[in-house]
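Chemist: Dropping the structure in here first, questions after.
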Amino acid sequence: MIGWLRHQKHALTAALHRLRAHPLSTLLTALAMGVAISLPGGLYLGLANLSQVAGELPAQPEISVFLDTRATDAHKQAIAARLKQSDIAEAHFVPRDKALAALSASQGLTDIAAGLTENPLPDAWVVRPRETAREAMSRVASELGTLPGVAETHLDSLWADRLQAGLAIGRAGVWLLAGLFAVALVAISGNAIRAQVLARRDEILVSRLIGATDRYIRRPFLYLGTLQGLLGGLAAIGVLAVAGLILRAPVAQLAGLYGSAFQLIPPSGLEIASVLGLTALFGWLGAWLSVARALRQVESTH
Amino acid sequence: MISFSQVTKRYPGGHEALSGASFTIEQGELVFLTGHSGAGKSTLLKLVAAIERPTSGMVSVNGQNVGRLSRLAVPYLRRNIGLVFQDHKLLFDRSVIDNVVLPLDIAGLDRRESLKRARAVIDKVGLLMREKANPVSLSGGEQQRVCIARALVSRPALLLADEPTGNLDAGYAADIMSMFRDFHQVGTTLVIATHDDRAISALGGRILHLDHGRVGEASA
């Protein structure tokens, strides 16, 4: 056990030593990995930011039912009774003063609301039918529109649905891209490790002759791949941080034009840790795949 | 300690380096392998250290059938054998002491203890002043002594040397041979392939003579 720990420590220091011995190639490999990972990483962050915007919008398809300002109490009760029927999943009443209060609170519309002398908004119901398919929605909407006392019905959130669907495609794209670039990462790492193995041919052959096991010889290269992957992950985070710094001002300006306090959200600690963990894992994998082959090559040319 | 029984080694292409070799070497013996170059001396040493496998026959070291040893077991066999090469096989990317300490690193020994042992054995071969030097800056004889130090640092019971004085002038060669005599006197089994007759007559010991792959006993 202690011998095993010593071997690990020895392999780790050897790997660090090799990284330091070739700073330029270490840096270039890390940059190649970093740029590769920053593409899916950047897309992921972009989508996370878009989702944040979209998250403020109603996600469920709803029908807004606006009442006529002249609707009588009897009409209102009839409408409330209709909305209790079984084809309606949920319905809640929004009185006109509450609607105005919500409008004033909502981003970008504060100025408009403040300029109003009287409340132009009608009472309304927000209705969620049990069936949310498009046809069922419009059927319910048009039926509600014929009730006495109803001024207008409005199918909300269809566009929000479309946005959500678009985001879902984007998210699938992130995973697709991440998968592809993980393969690229394995290839970059494998290639770097192969070069290292071939460059250390003499050491490998001599170590074999004086009793080194396969594992002893492989271990520093596996550490090397892992460390290289980790550096690649750090480089990717660096790339994204720089991109974030560059984008921050223009995004703030655009958000300002919409009267929104929206800001770019940086990746969470967990997300950063996962990126580093995954790049280290794929660096290790690339090393593992290439080292056995390269070792065979070294030993067969002996 | 070492026993060959009807060992034949044929290389791809048909060259037969050893033909039906049978002999036994006891623990603590000092044995010279002689014979013209190409007679099979190197092949014989390589078979002992499982660097080559016999085509037929049985090579046994310490009761282990070396020819049948699995790939995973070979490193552990080699850790008990000190190897001295004619071309030294030193690593030029590290200092003398880092070369010598390598077998102990491989065996997973405590680093500080390893360095102490390496320094002791470097002292024994008379290179303590040069422990931090790169082997490239050493003479051929000094490089050979580093190679011997590396072979001895793990205190193997068996030392195999392939033409250890082959490239050295007479003074260095005598130095190294007297070093071998000291190891023999403390009980190490030595098998030395050489055609340096002066060394053989100076040290005495048993002689196995190889002639076209056939082994015979000879007297000094």
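Line order of the protein sequences matches chains X and Z. All you need for our numbering is the position in the first sequence, starting with 1, plus 6. All you need for our numbering is the position in the second sequence, starting with 1, plus 264. Ideal Cβ positions, reconstructed from N, Cα and C, are used throughout, including at glycine.
At the 7 Å Cβ level, is PRO339/Z part of the contact set with chain X, yes or no?
Modeler: Answer yes: the Cβ-Cβ gap between PRO339/Z and chain X drops below 7 Å somewhere.
Chemist: For the alpha helix (DSSP H) that contains HIS476/Z, what are its first and last residues?
Modeler: Looking at the DSSP string, HIS476/Z is not in any alpha helix (DSSP H), and its letter there is neither H nor E.
Chemist: Which residues of the region 200-217 of chain X have a Cβ closer than 7 Å to any Cβ of chain Z? Give them in chain order.
Modeler: If the cut-off is 7 Å between Cβ atoms, the region 200-217 of chain X has ASP208, GLU209, VAL212, SER213, LEU215, ILE216 and GLY217 near chain Z.
Chemist: Does the contact criterion of 3 or more C-beta pairs under 8 Å hold for the region 435-446 of chain Z versus the region 455-472 of chain Z?
Modeler: Because the criterion of three Cβ pairs below 8 Å is met, the region 435-446 of chain Z and the region 455-472 of chain Z touch.
Chemist: Kindly list the residues whose CB is nearer than 8 Å to the CB of LEU333/Z, restricted to its own chain and excluding five residues on each side of it in sequence; keep chain order.
Modeler: Closer than 8 Å at Cβ, skipping near neighbours: ALA314 and LEU341.
Chemist: Under a Cβ-count criterion, where at least 16 other Cβ atoms within 10 Å of its own Cβ denotes burial, should THR78/X be classed as buried or exposed?
Modeler: It is exposed - the Cβ of THR78/X has fewer than 16 other Cβ atoms within 10 Å.
Chemist: Pull up the DSSP beta-bridge partners for TRP131/X, would you.
Modeler: For TRP131/X, which the question treats as bridged, DSSP gives the partners VAL71/X and PHE99/X.
Chemist: If you run the structure through DSSP and keep just helix, strand and coil, what is LEU432/Z?
Modeler: Residue state, collapsed to three classes: coil.
Chemist: Check the DSSP bridge columns for ARG274/Z and list the partner residues they point to.
Modeler: Per DSSP, GLU280/Z.
Chemist: Taking HIS23/X as the query, report the chain Z residues whose CB atoms sit under 7 Å from its CB, ordered along the chain.
Modeler: Neighbours of HIS23/X on chain Z: none; closest Cβ ~10 Å, over 7 Å.
Chemist: Pull the bridge partners of VAL455/Z from the DSSP assignment, please.
Modeler: The partner list for VAL455/Z (beta bridge, DSSP) reads VAL295/Z and LEU424/Z.
Chemist: Measuring only the C-alpha atoms, how far is MET265/Z from GLU395/Z?
Modeler: Distance between the alpha carbons of MET265/Z and GLU395/Z: 34 Å.
Chemist: Between the region 278-292 of chain Z and the region 276-293 of chain X, do at least 3 Cβ pairs fall closer than 8 Å?
Modeler: Cβ pair count under 8 Å is below three, so no.
Chemist: Would you mind sorting ALA80/X into buried or exposed? The rule is 16 or more other CB atoms within 10 Å of its CB.
Modeler: That one is exposed.
Chemist: Would you please state the rounded distance, in angstroms, between the beta carbons of ALA425/Z and ILE471/Z? I believe it to be under 8 Å.
Modeler: With 8 Å as the limit, ALA425/Z and ILE471/Z do not qualify as a contact, their Cβ atoms being about 15 Å apart.
Chemist: Mind checking which residues open and close the beta strand (DSSP E) that includes SER220/Z?
Modeler: Outside the shown range of chain Z, which is 265 to 484, sits residue 220/Z, and nothing can be said about it.
Chemist: Consider the Cβ of ARG342/Z: report whether some Cβ of chain X lies at a distance smaller than 7 Å.
Modeler: With 7 Å as the cut-off, ARG342/Z counts as an interface residue toward chain X.
Chemist: List the DSSP bridge partners of ALA253/X.
Modeler: Ala is not the amino acid found at residue 253/X; the sequence shown has Leu there. Paired residues: none, contrary to the question.
Chemist: Just the Cα atoms here: how many angstroms apart are GLU305/X and LYS353/Z?
Modeler: Spanning the two alpha carbons is a distance of roughly 15 Å.
Chemist: Could one say the Cβ of HIS28/X lies closer than 7 Å to chain Z's Cβ atoms, at least one of them?
Modeler: False, the Cβ-Cβ gap to chain Z never drops below 7 Å.
Chemist: Can you tell me the Cβ-Cβ gap for ASP74/X and GLY155/X, rounded? I've got them flagged as a contact below 8 Å.
Modeler: Indeed, because the Cβ distance is near 5 Å, the residues count as touching under 8 Å.
Chemist: Need the endpoints of the alpha helix (DSSP H) that GLY283/X sits in, please.
Modeler: That run of the alpha helix (DSSP H) goes 275-306.
Chemist: Considering only residues of the same chain and omitting the five flanking positions on each side of PHE99/X, which have a CB-CB separation below 6 Å?
Modeler: Closer than 6 Å at Cβ, skipping near neighbours: TRP131.
Chemist: Could you give the uninterrupted runs of the alpha helix (DSSP H) lying entirely in the region 210-260 of chain X, keeping only those of 4 residues or more?
Modeler: Those alpha helix (DSSP H) runs which fall completely within the region 210-260 of chain X and span 4+ residues do not exist here.
Chemist: Check the Cβ-Cβ distances between TYR222/X and every residue of chain Z, and say whether any is below 7 Å.
Modeler: For TYR222/X, the answer is yes, since a Cβ of chain Z falls inside 7 Å of its Cβ.
Chemist: CB LEU34/X to CB ALA241/X, shorter than 7 Å?
Modeler: No.
Chemist: Is the region 408-424 of chain Z close to the region 378-386 of chain Z, with three or more CB pairs under 8 Å?
Modeler: The answer is yes - the region 378-386 of chain Z touches the region 408-424 of chain Z, with three or more Cβ pairs under 8 Å.
Chemist: When burial is assigned at 16 or more other CB atoms within 10 Å of the CB, is PHE268/Z buried or exposed?
Modeler: It counts as buried.
Chemist: Which of the residues in the region 355-366 of chain Z, read from start to end, lie with their CB under 7 Å from any CB of chain X?
Modeler: For the region 355-366 of chain Z, which is checked against every Cβ of chain X, the residues closer than 7 Å are LEU355 and LEU366.
Chemist: Since ALA87/X is in the alpha helix (DSSP H), which residue starts that stretch and which ends it?
Modeler: That run of the alpha helix (DSSP H) goes 79-88.
Chemist: Mind checking whether SER296/X and GLY235/X have CB atoms under 7 Å apart?
Modeler: No.
Chemist: Which residues in chain Z have a C-beta closer than 8 Å to the C-beta of ARG12/X? List them in chain order.
Modeler: Correct list: GLY372, LEU373, ASP374 and ARG375.
Chemist: DSSP has SER269/Z in a bridge; who is on the other side?
Modeler: SER269/Z is bridged to MET322/Z.
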